[in-house]
Structures are given as structure tokens and as C-alpha cells.
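Here's the structure, in C-alpha cells; my notes come after.
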Amino acid sequence: MAGLLVNAMSGNEPGGIDAQERFFLSKYVERLRNNDDPLRLLYSWMRGRQIRVVDVAANVADIAEIAADSRVAASGISDPRAGLSAAGEFEGYIAAADLDGFLRDNLLVESVSPNIRLRVVAKRPPEPVGLGLVIADLVDWNRPREDGRALELLKGIEWRR
Numbered sequence: 002m003a004g005l006l007v008n009a010m011s012g013n014e015p016g017g018i019d020a021q022e023r024f025f026l027s028k029y030v031e032r033l034r035n036n037d038d039p040l041r042l043l044y045s046w047m048r049g050r051q052i053r054v055v056d057v058a059a060n061v062a063d064i065a066e067i068a069a070d071s072r073v074a075a076s077g078i079s080d081p082r083a084g085l086s087a088a089g090e091f092e093g094y095i096a097a098a099d100l101d102g103f104l105r106d107n108l109l110v111e112s113v114s115p116n117i118r119l120r121v122v123a124k125r126p127p128e129p130v131g132l133g134l135v136i137a138d139l140v141d142w143n144r145p146r147e148d149g150r151a152l153e154l155l156k157g158i159e160w161r162r
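Per the numbering used here, the very first residue in the sequence shown carries number 2; after that it's consecutive.
See the structure below:
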């Protein structure tokens with residue numbers, strides 16, 4: 002259901018789904034739109050959208066070059082639609098098969114103060130990633146700035162029926 006919800010939040014028509022899936026998707030959307038705390042609800046539904054999250058550190062001067070690597074797709078705080086200044090940080094999706102080489106090539110290591118968040122998935126999404134992923138990624142930070150922007154983006158969605 003997470004994939005269907007991401008597509009719905011991204012403005013994509015939910016094609017290729019049966020009547021039962023369409024019914025459940027409409028109920029999820031209804032709950033999300035009418036919930037007093039939609040961000041927490043969204044967080045609970047979207048946790049399984051990635052295999053894992055890898056937080057690593059890089060030299061701030063290298064962030065732009067790392068973000069330009071074709072193996073990653075910017076999302077969350079690094080997506081322009083988030084409208085956030087994240088010059089010293091990067092967040093994006095990477096295919097599991099590319100992770101080790103990416104970390105090695107960019108000299109990235111785990112750290113107690115990471116500035117790069119990689120969301121490891123089976124297949125990297127095309128750029129730009131869907132707005133639904135951007136919103137879900139912002140919610141994961143659980144910080145006021147990101148939550149505020151996620152809520153604004155969520156409220157701005159024109160849900161398709």
C-alpha cells in the first residue's frame with residue numbers, strides 16, 4: 002500500500018489496481034486527510050518504503066559532487082520542492098547494488114554526526130522522485146523545519162479519485 006500511496010501523493014493516477022486496492026487506497030487517503038496528526042500516520046505507513054537507511058559523513062565541500070553522482074536520486078531535504086536550505090547535507094535514494102561502490106568512490110564513512118542520508122532501495126527511482134517520497138522523507142527527520150514543510154506539501158496535494 003505504501004507504493005500506491007506514494008503514487009497518489011505524487012499526483013499519479015493509480016492505474017493497474019483492482020477495485021479492492023482502489024477502495025483501500027481511498028480509505029488511506031481519507032484517513033490521512035482527516036487525521037489530527039497526519040505526519041505521524043504517514044510515518045507509520047511509509048517506514049517500509051526502503052530496505053534500510055544509511056547515514057554517513059562527507060566533507061561539506063564534496064556534497065555537490067556527491068549529489069551529482071548518477072547513482073543517487075535526490076529526495077527529502079535535497080529535493081528542490083522541499084524548499085529547504087540543505088547546502089551542508091544530502092538526502093537521496095540509491096540502489097542496493099550501487100551502495101558499496103558509491104560509499105567507496107566517495108570516501109563516505111559512518112559517523113556520529115552524518116550529513117548524508119542514503120535510502121537504500123532495490124531499484125533507484127527516476128529523477129525527480131515522486132512528491133510522495135519527498136514528503137515521506139521529510140517526515141522521517143522528525144524535526145520542526147522538515148515537519149512543517151512536509152505538512153505544507155501534504156496539504157497542497159490535489160488527490161485524484
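Ideal Cβ placement from N, Cα and C applies to all residues, glycine included.
Please read all numbers here as calculations on a predicted model, not as lab measurements.
First and last residue of the uninterrupted alpha helix (DSSP H) at E31: As a first step, residue 31 must be located in the sequence shown, where it is residue number 30. Annotation for E31: the continuous alpha helix (DSSP H) segment containing it runs A20 to N35.
Where A69 falls: helix, strand or coil (DSSP): In the sequence shown, residue 69 corresponds to position 68, counting from 1. A69: coil per DSSP, three-state reduction.
Anticipated Cβ contact below 8 Å, V140 with L43, distance rounded: Residue numbering aside, residue 140 sits at position 139 when the sequence shown is read from its first letter. Residue numbering aside, residue 43 sits at position 42 when the sequence shown is read from its first letter. Confirmed, about 6 Å.
Nearest neighbour of D37, chosen from S114, L152, R72 and G93 [CA to CA]: Working through the sequence shown from its first residue, we reach residue 37 at position 36. Among S114, L152, R72 and G93, the Cα nearest to that of D37 is on L152.
Boundaries (first-last residue) of the beta strand (DSSP E) holding G93: Taking the sequence shown and counting its residues from 1, the one referred to as residue 93 is at position 92. Residue range F91 to A96 is occupied by the beta strand (DSSP E) that includes G93.
Reference G72, options G102, R23 and D56, closest by Cα: Counting from 1 along the sequence shown, the entry for residue 72 is found at position 71. With the sequence shown as reference, residue 72 is identified as Arg, and Gly is not the correct amino acid for it. Considering only alpha carbons, the answer is G102.
Selected residue, minimal CA-CA separation from V7, among I18, E159, G157 and G133: Numbered from 1 along the sequence shown, position 6 holds the residue referred to as residue 7. For V7, the closest C-alpha among the options I18, E159, G157 and G133 is that of G133.
Residue range of the unbroken alpha helix (DSSP H) whose run includes V140: If you number the sequence shown from 1, residue 140 lands on position 139. Counting along the chain, the unbroken alpha helix (DSSP H) around V140 starts and ends at L132 to W142.
Cβ-based burial, N143 [other Cβ within 10 Å; buried from 16]: Here residue 143 is taken as the residue at index 142 of the sequence shown, counted from 1. So N143 counts as exposed.
Rounded straight-line distance, which links the Cα of V110 to that of L104: Numbered from 1 along the sequence shown, position 103 holds the residue referred to as residue 104. Numbered from 1 along the sequence shown, position 109 holds the residue referred to as residue 110. Rounded to whole angstroms, the separation of the alpha carbons of V110 and L104 is 7 Å.
Pair within 8 Å by beta-carbon distance, A1 and G93: The requested residue 1 is not part of the displayed model; the chain covers only 2 to 162.
Inter-residue spacing [alpha-carbon to alpha-carbon] between L33 and S79: The residue labelled residue 33 in the question sits at position 32 within the sequence shown. The residue labelled residue 79 in the question sits at position 78 within the sequence shown. Rounded to the nearest angstrom, the two C-alpha atoms are 24 Å apart.
Pick from R150, S86 and G77 that is closest to G131, judged by C-alpha positions: Translated into positions along the sequence shown, residue 131 becomes position 130. Comparing alpha carbon positions, the residue from R150, S86 and G77 closest to G131 is G77.
Length of the line joining the Cα atoms of L108 and A59: Taking the sequence shown and counting its residues from 1, one reaches residue 108 at position 107. Taking the sequence shown and counting its residues from 1, one reaches residue 59 at position 58. Rounded to whole angstroms, the gap between the alpha carbons of L108 and A59 is 7 Å.
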